[in-house]
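Remarks on the structure that follows.
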Amino acid sequence: MSTRCASMILVLLASTAGLDVPFGCGDGGGSTDSDSDSDSDSDADSDSDSDTDADTDSDTDSDTDTDSDADFGLCQMGCSGAGACVPADAIATQTEDNWSCASGYCEWLGCLSTAECQEAYPLVANAVCNTAAATPTCTLSCGDASDCAQAGKPLFDDNNWTCETNFCVWTGCSSTGECQEAFPSTALVCAQYADPPICAPPCSVPADCVPADAVDLFDEENWVCTDGACEHLGCLSTEECTGSVHGPASICVFD
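One rule links them: number in the working numbering = place in the sequence shown (from 1) + 1.
Shown next as structure tokens:
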């Protein structure tokens, strides 16, 4: 599971259970991950995210683009304390204990217990906190991958999961056909550059990835076309973050 979008599996579980998901990548309104999933403009964080969630790696091997020397970062919510990271409509996995402001910006620490997951997602009977993940994340318990499958749901059936140490782990899209079946009104491809693979808009050049109403964060310079799929590289400045959907409190954080 990508560390850029540790809560992707949570979005998946909630969406397949028919829940209203009040968060995106980073598990909360307080955290604003600038990946914004390359497919966010076309499938509303179909991460599904599916978010999904394209990683913002700048060392891409594009068939159509030359490598950029620009330094890209991630839009994150600036803070003076963990309390500032808590969204107004916080669920049990988004309270102050679930956040850190040690670096001056909000970092989601993950779920703290299975009880938190069950409180946050009461309609998901076997929700558990996967403490084995790099960022502990709510997922489903399992004996094998078949326990994770959502029958008849493209992106969530038996070829999209593994069962690791009794936790369901989403392995991403398995084919472009699966993306098109899941989102028939939008032409998406299965982007293999992401880990796990995600559904993303197709492209020939970076300009194909720029949405019609693009703000600075989603200009042509912020994209590459990697093996025919749009990949968002991140932010180049704090001004890009504050002038975008991330809001005036966000900052561009460079590794």
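Ideal Cβ placement from N, Cα and C applies to all residues, glycine included.
query                                                                                                                         : result
Coil, strand or helix - Asn-223 by DSSP                                                                                       : helix
Complete beta strand (DSSP E) runs within the region 70-148 (minimum length 3 residues, chain order)                          : 75-78, 128-131 and 138-141
Environment of Ser-81 [buried if 16+ CB atoms lie within 10 Å]                                                                : exposed
Beta-carbon contacts of Val-216 that lie in its chain and below 7 Å, excluding the five residues immediately before and after : Gly-244 and Ser-245
Spatial neighbours of Asp-220 in its chain, beta-carbon cut-off 7 Å, leaving aside the 5 residues before and after            : Val-211
Spatial distance of Met-78 from Thr-138 (CA atoms)                                                                            : 20 Å
Same chain only: Cβ atoms within 6 Å of Ala-230, ignoring 5 sequence neighbours per side                                      : Val-190, Ala-192 and Ala-201
Closest Cα partner of Cys-86 within the set Ala-126, Leu-110, Asp-228 and Phe-73                                              : Leu-110
Contacting residues, own chain, Cβ-Cβ under 7 Å from Tyr-106 (five flanking each side not counted)                            : Gln-77, Met-78, Gly-79, Cys-80, Ile-252 and Val-254
Where the beta strand (DSSP E) through Ala-230 begins and ends                                                                : 230-233
8 Å Cβ shell around Ala-188 - same chain, five flanking residues per side excluded                                            : Gln-181, Pro-202 and Pro-203
Buried/exposed call for Asn-131, threshold 16 Cβ in 10 Å                                                                      : buried
Cβ neighbours of Glu-241 in the same chain (closer than 7 Å, five flanking residues each side left out)                       : Asp-217, Leu-218 and Cys-253
Gly-144 versus Pro-123, Phe-168 and Thr-136, residue with shortest Cα-Cα distance                                             : Phe-168
Closest by C-alpha distance to Asp-270, when choosing among His-233, Ser-104, Ala-250 and Thr-115                             : This structure cannot settle anything about residue 270, because the visible part of the chain is limited to 2 through 256.
Ala-91 versus Trp-100 - alpha carbon distance                                                                                 : 12 Å
Ala-215 in three-state terms, based on DSSP                                                                                   : coil
Residues near Thr-140 by beta carbon distance below 6 Å, same chain, minus five either side                                   : Ile-10, Asn-131, Phe-168 and Cys-169
Under 8 Å between C-beta atoms of Ala-133 and Leu-237                                                                         : no
Endpoints, beta strand (DSSP E) assigned at Cys-169                                                                           : 168-171
Same chain, Cβ closer than 8 Å to Ser-114, neighbours up to 5 away in sequence not counted                                    : Cys-130
Terminal residues of the beta strand (DSSP E) in which Ala-201 lies                                                           : 199-201
Cβ shell of Thr-67 (< 8 Å), same chain only, five flanking positions each side left out                                       : Bear in mind that a pLDDT of 38 at Thr-67, under 50, signals an unreliable position, so the number given afterwards is only what the model happens to contain. Excluding residues within five positions, none has a Cβ falling inside 8 Å.
Beta-bridge pairing of Ser-251 - partner residues as DSSP gives them                                                          : Met-78
Nearest neighbour of Gln-95, chosen from Glu-117, Cys-102 and Thr-166 [CA to CA]                                              : Glu-117
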